[in-house]
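Colleague: Below is a structure I'd like to ask you about.
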Amino acid sequence: MAYISEKPGIGVRLPSIAAGSATRPARKHKTARGDGTFSYGLPLLMLFFLLWEIAPRLGWLNPIFFPPLSDVCRSWFGLAESGVLAKHIGISLQRAAIGFGLATIVAVPLGFLMGRYSLFEKISDLLVQTLRNTSQFALLPVFILLLGIGEASKIAITFYSSVFFLLVNTISGVKAVDPLLLKAARSMGTSDVDLFRKVILPASIPSIVAGARLAVKSSIFAVIGAEMLAAKSGLGYLIQQSQLMMETGDMYAGILTMTLIGLIVNYLLVWFERWATSWKGQSDTSPH
Amino acid sequence: MDRIVVSGIRKTFQLKPGQYVTVDGEETDRVTVLDGVDLNIRKGEFITLVGPSGSGKSVLLDIIGGLTQASKGIVQLDGTTITRPDPKTGYVFQQYALFPWRTALSNIEYALEVRGVPKRERTDRARYFLALFGLSGFEDRYPNQLSGGMQQRVAIARALASNPEVLLMDEPFAALDAQTREILQSELLKIWEKINTTVIFVTHSIDEAIYLADRIVVMTARPGTVKEIIDIDLPRPRDGDIRSSTEFNAHRARVWKALRDEVNKAQKDWALSPAYAN
Chain X
1 MAYISEKPGI
11 GVRLPSIAAG
21 SATRPARKHK
31 TARGDGTFSY
41 GLPLLMLFFL
51 LWEIAPRLGW
61 LNPIFFPPLS
71 DVCRSWFGLA
81 ESGVLAKHIG
91 ISLQRAAIGF
101 GLATIVAVPL
111 GFLMGRYSLF
121 EKISDLLVQT
131 LRNTSQFALL
141 PVFILLLGIG
151 EASKIAITFY
161 SSVFFLLVNT
171 ISGVKAVDPL
181 LLKAARSMGT
191 SDVDLFRKVI
201 LPASIPSIVA
211 GARLAVKSSI
221 FAVIGAEMLA
231 AKSGLGYLIQ
241 QSQLMMETGD
251 MYAGILTMTL
261 IGLIVNYLLV
271 WFERWATSWK
281 GQSDTSPH
Chain S
1 MDRIVVSGIR
11 KTFQLKPGQY
21 VTVDGEETDR
31 VTVLDGVDLN
41 IRKGEFITLV
51 GPSGSGKSVL
61 LDIIGGLTQA
71 SKGIVQLDGT
81 TITRPDPKTG
91 YVFQQYALFP
101 WRTALSNIEY
111 ALEVRGVPKR
121 ERTDRARYFL
131 ALFGLSGFED
141 RYPNQLSGGM
151 QQRVAIARAL
161 ASNPEVLLMD
171 EPFAALDAQT
181 REILQSELLK
191 IWEKINTTVI
201 FVTHSIDEAI
211 YLADRIVVMT
221 ARPGTVKEII
231 DIDLPRPRDG
241 DIRSSTEFNA
251 HRARVWKALR
261 DEVNKAQKDW
271 ALSPAYAN
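Protein sequence lines, in the order shown, are assigned to chains X and S.
Just so you know, we're using UniProt numbering here: the first sequence kicks off at 1 and counts up by one.
Just so you know, we're using UniProt numbering here: the second sequence kicks off at 1 and counts up by one.
If you want it as C-alpha cells, here you go:
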C-alpha cells in the first residue's frame, strides 16, 4: 500500500533566490534531466563541436585566434600531462572552497538571527542590502589595497560573492518555517536550543542548500575573475596569460576546463540538494 | 479529584499597531475572546468542547496547554499553575503538525527526544505506539507518503508516546473525510479506555462531541464563556451504532438547543476572527 498525499510537504515553503527551480511544489514525476533529455540535447552539442572543428580548418575563422577543437584538445592533454593544469585547478578550487566555507560559517548563523529576530533584521537589513548590491569585482581593488595581492584578497572576493546568496536564503528559509511546527515543538516542551537545532534548521535546509548552490557557482566565477585581474596562479590566470602569450590552444583548454568544472560542481550540488531534501518527495530540481 | 481547574480565564488580543476591527459597532484594536471561563475537569475524564466559531475554544486549549498566556485568571494542573507547556501534557493539532523531514517513527521519537529519554527506549516506545495505531510497517515513511488519516494517527501517537496525563486535541479529525473520521474516533476511544488519560477535545461536530465525551462543554459566542455543561451518560465501551440510538438523538437535540442561539449570535462576528487567529 502506498499512500501519496496530494498536499506538498507541510509548511515548507521555499523562498526567493532559487525561485525558478525550488519553489514549485514537490511532485512525483520524472525530472527534466531524466534519461530522455540528454540524448535529445546531444546532437546539437555535437554540431557545435563539429562547427568548432571545421570552421577554422575551412578558413571561416582565423585559426590563430580560434584553433580547431582537436588542437585545443591536444593543448589540454599537454597541460594535463605536464601537471600544470592540475596545479591551477587545485589553486582555483581551493580559493573558491575557502571563500565559500567562510561564507557559510558567517551567513548561516547570521541568517538565523536575522530570520528569527525581527529587530535584528530591521537593524541590519539596510546595510546588508547595500553591501549585497555592490559588485564584488568593483571591490577587488579595495580588497587588494586592504589585504595585499596574495591569497587573502582572492579569498575575500569569493567570500563576498557567495555570502549573500547564503544569507538571503537562510533568512527566507528561517522565516518560512511553518508556525504550526514551531507551536507543536513548543507544546512538547522543546527548549530554545533544540528549537533551532531540531526544527528551524532542518526546516530551512532546502532553502539554505538552494542558496549554497548559487553561492558555490558564484564563488567559482568570482575566483576566475579575480585570477584574471590579479594573480600569478589559478585557472583564471592560465586563461588570461595564454591569451597574452597568444597560446590560444591553452587559452581555450583553460576555458573548457572551467566549463567542465562548472558542470560537474553543478550536478554534484543538484545531487546533494536532492539528497538533503529527499523527505519532500521527488522535488523538481533542474540543474540550471 | 480534579485534574485541571480553570478559573476566571479571560483573554484579550491586542491587534498589531494600525489594525482595527469593528466589534459590536465600535472600532477597536482589542478583541476579547474569552470572558471568564470556569471549568473543573476530573482525572481521566473525556471532555469535548463545542461552540460557535470565534468562541475561543482553541484559545482556551492553548492556555491550558501553556502555549498562550491568559490575560486574567489561572489554569491549574494537579494544583500547579500553568505558565508554559507542561511535560505532562500532549497536544494534537488539526493539521497534524508532523515534521516533514522526519519519518513516522522519528516523529514520534521527537516527543521523547526533547524530554531526554534514552535512544533505545525512545525507539521501543515509538514502535509500540505506531503498532497501537496499526501503523507497523510504516516506520520509515515520511509524512508526505502517508494519507491524512495515517498522519493524524502518527500525530496522536506522538502526543501519547510521552504518557501524558492530559491530552489536548484541537479539532483533530476536522480535516479528514467522514469515514476516516469515524474510524479514528473509535480508535481513539479504544486507546483512551486503555490508558485513561484526561482528554480535552475541541470539535465543531455535535455527533463527534456526543460520541466521545463524558461531558460536553458548550461555549457561548464571543466573548466565550461556559454556557452549559452536558453530561453524556451513554454506556462505554461505545460502538458506532450508538449514534442511531434514541438516547443519542436526545443528546443531539439538547446540545443543538444549547448551541443554536450562540451560533446565530456568532454569525455577525464572522469577519472578526481572522484578525486574531494565527
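Ideal placement from N, C-alpha and C gives every residue a C-beta, glycine not left out.
Indicate the three-state DSSP secondary structure (helix, strand or coil) for residue 26/S in the structure shown.
Modeller: Reduced to three states, the DSSP call for residue 26/S is strand.
Colleague: Note down, in chain order, all residues in the segment 173-194 of chain X with a beta-carbon under 9 Å from any beta-carbon belonging to chain S.
Modeller: Answer set for the segment 173-194 of chain X: 178, 179, 180, 181, 183, 184, 185, 186, 187, 188, 189, 190, 191, 194.
Colleague: Just to confirm, are residue 290/S and residue 70/S a CB contact at a threshold of 8 Å?
Modeller: Because residue 290/S is not part of the residues shown, which for chain S are 1 to 278, the question remains open.
Colleague: On the CB-based measure, 16 or more other CB atoms within 10 Å of its CB, does residue 185/S come out buried or exposed?
Modeller: When all chains shown are included, residue 185/S counts as buried.
Colleague: Strictly below 9 Å CB to CB, what residues from chain S border residue 56/X?
Modeller: Those within 9 Å of residue 56/X in chain S number zero; the least Cβ separation is about 53 Å.
Colleague: Only counting the same chain, and skipping five residues up and downstream in sequence, which positions put a Cβ closer than 7 Å to that of residue 149/X?
Modeller: Within the same chain, residue 149/X has close Cβ partners 230.
Colleague: Which first and last residues belong to the alpha helix (DSSP H) in which residue 257/X is found?
Modeller: Run containing residue 257/X: 248-276, per the alpha helix (DSSP H) assignment.
Colleague: Residues bridged to residue 91/S by DSSP?
Modeller: For residue 91/S, which the question treats as bridged, DSSP gives the partners 168/S.
Colleague: Would you say residue 275/X lies against chain S (beta-carbon separation less than 8 Å)?
Modeller: No - not a single Cβ of chain S is within 8 Å of the one on residue 275/X.
Colleague: Using CA coordinates, which residue listed in 2/S, 240/S, 199/S, 213/S is at the minimum distance from residue 79/S?
Modeller: The shortest Cα separation from residue 79/S among 2/S, 240/S, 199/S, 213/S belongs to 2/S.
Colleague: Name the chain S residues whose beta carbon is nearer than 8 Å to that of residue 122/X?
Modeller: None at all; the shortest Cβ gap to chain S is about 14 Å.
Colleague: With a Cβ-Cβ cutoff of 8 Å, do residue 295/S and residue 17/S count as a contact?
Modeller: Only positions 1 to 278 of chain S appear in the structure, and residue 295/S is not among them; the question remains open.
Colleague: Roughly how far, in whole angstroms, is the beta-carbon of residue 176/X from the beta-carbon of residue 207/X, given that I think they are within contact range, below 8 Å?
Modeller: Residue 176/X to residue 207/X, Cβ: 7 Å. Contact.
Colleague: Is there at least one Cβ from chain X nearer than 8 Å to residue 351/S's Cβ?
Modeller: Summary: the structure shown does not reach residue 351/S, with chain S confined to residues 1 through 278, and so no result is reported for it.
Colleague: Could you tell me which of 36/S, 31/S, 11/S, 67/S sits nearest to residue 188/X, measuring between CA atoms?
Modeller: It is 67/S.
Colleague: Please look up how many angstroms separate the CB atoms of residue 249/X and residue 92/X, rounded, as I've assumed it's under 8 Å.
Modeller: Contact flag wrong, Cβ pair sits at about 20 Å.
Colleague: Assess contact between the segment 20-33 of chain S and the segment 118-130 of chain S, defined as three or more Cβ pairs (one per stretch) separated by less than 8 Å. Is contact present?
Modeller: Output reads no: the segment 118-130 of chain S does not touch the segment 20-33 of chain S.
Colleague: Roughly how many angstroms separate the alpha carbons of residue 86/X and residue 96/S, rounded to a whole number?
Modeller: Distance between the alpha carbons of residue 86/X and residue 96/S: 53 Å.
Colleague: Residue 169/S: buried (16+ other C-beta within 10 angstroms of its C-beta) or exposed?
Modeller: Answer is buried; the Cβ neighbour count reaches 16.
Colleague: Tell whether a beta-carbon distance below 8 Å holds between residue 107/X and residue 158/X.
Modeller: Cβ atoms of residue 107/X and residue 158/X: not closer than 8 Å.
Colleague: For residue 11/S and residue 34/S, I'd like the C-alpha separation in whole angstroms.
Modeller: Roughly 5 Å between the two C-alpha positions.
Colleague: Just grab the DSSP bridge partners of residue 166/X for me.
Modeller: Bridge partners of residue 166/X: none, in fact.
Colleague: So with CB distances below 9 Å, who are the chain B contacts of residue 115/S?
Modeller: Absent here is chain B; the protein component of the structure consists of chains X and S.
Colleague: Since residue 112/X and residue 170/X are thought to touch, with beta carbons under 8 Å apart, how far apart are those beta carbons, to the nearest angstrom?
Modeller: 7 Å between Cβ atoms; contact.
Colleague: Report yes or no: is there a C-beta of chain S within less than 8 Å of the C-beta of residue 30/X?
Modeller: Note that residue 30/X scores a pLDDT of 44, beneath 50, so its modelled location is shaky and nothing firm can be said.
Colleague: List the residues of chain X that residue 111/S touches, going by C-beta distances under 8 Å, in chain order.
Modeller: The contacting residues are 188.
Colleague: Buried or exposed: where does residue 60/X fall if 16 or more other Cβ atoms within 10 Å of its Cβ makes it buried?
Modeller: The residue is exposed, with fewer than 16 neighbouring Cβ atoms inside 10 Å.
Colleague: Report the neighbours of residue 65/S on chain X: residues whose CB is nearer than 8 Å to its CB, in chain order.
Modeller: Ordered by position in chain X, the residues that pass the 8 Å Cβ test against residue 65/S are 187.
Colleague: By DSSP, does residue 236/S sit in helix, in strand, or in coil?
Modeller: Reduced to three states, the DSSP call for residue 236/S is coil.
Colleague: If residue 88/X and residue 234/X are in contact, beta carbons under 8 Å, what's the gap, nearest whole angstrom?
Modeller: Going by Cβ atoms, the distance from residue 88/X to residue 234/X rounds to 6 Å, so yes, they are a contact pair.
Colleague: Which of the residues in the segment 76-93 of chain S, read from start to end, lie with their CB under 7 Å from any CB of chain X?
Modeller: Taking 7 Å as the Cβ-Cβ cut-off against chain X, the residues of the segment 76-93 of chain S that qualify are 85, 87, 91, 93.
Colleague: Do you know whose CA, among 231/S, 61/S, 114/S, 182/S, lies nearest residue 241/S's CA?
Modeller: Among 231/S, 61/S, 114/S, 182/S, the Cα nearest to that of residue 241/S belongs to 182/S.
Colleague: From the beta carbon of residue 99/S, is the nearest beta carbon of chain X less than 8 Å away?
Modeller: Yes, its Cβ sits closer than 8 Å to a Cβ of chain X.
Colleague: Using the Cα positions of residue 253/S and residue 179/S, report the straight-line distance between them to the nearest angstrom.
Modeller: Each residue's Cα considered, the two are about 23 Å apart.
Colleague: Taking DSSP as the reference, what is the three-state secondary structure of residue 74/X?
Modeller: Looking at residue 74/X - three-state DSSP - the assignment turns out to be helix.
Colleague: Tell me the rounded alpha-carbon separation between residue 218/S and residue 199/X.
Modeller: Their backbone Cα atoms lie some 36 Å apart in a straight line.
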